[in-house]
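0 is the number of the first residue of the sequence shown in numbering that gives the first Met the number 0; add one for each residue after it.
Don't be surprised by glycine CBs; every beta carbon is placed ideally from N, CA and C.
First comes the structure, then the notes that go with it.
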Amino acid sequence: MELSKSYTILFNAVTDALKDLERQDCTQAWVRLVRAQREAEEAYLAAGEETVTES
């Protein structure tokens, strides 16, 4: 099974953010997650993946 780049970006960022939170570094966790959100969105758009509508 091949994972999309956007999924991988988000998964790795969440893993790292959890480590940040273990060290009680909330600011770094926040920065990491915001950056990953932007990178994942860019990767998603670049890959031309279908858009998902919210219900």
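From residue 23 to residue 3, what distance separates their C-alpha atoms?
Working through the sequence shown from its first residue, we reach residue 23 at position 24. Working through the sequence shown from its first residue, we reach residue 3 at position 4. A direct Cα-to-Cα measurement between residue 23 and residue 3 gives close to 30 Å.
Can you check whether the CB of residue 28 is closer than 9 Å to the CB of residue 20?
Position 21 of the sequence shown holds residue 20. Position 29 of the sequence shown holds residue 28. For residue 20 and residue 28, yes; Cβs fall inside 9 Å.
Per DSSP, what kind of secondary structure is residue 22 in: helix, strand or coil?
Working through the sequence shown from its first residue, we reach residue 22 at position 23. Correct three-state label for residue 22: coil.
Taking all protein chains shown into account, do 16 or more other C-beta atoms lie within 10 angstroms of the C-beta of residue 43, making it buried, or fewer, making it exposed?
Taking the first residue of the sequence shown as position 1, residue 43 is located at position 44. Taking every protein chain shown into account, the CB of residue 43 has 16 or more other CB atoms within 10 angstroms, so this residue is buried.
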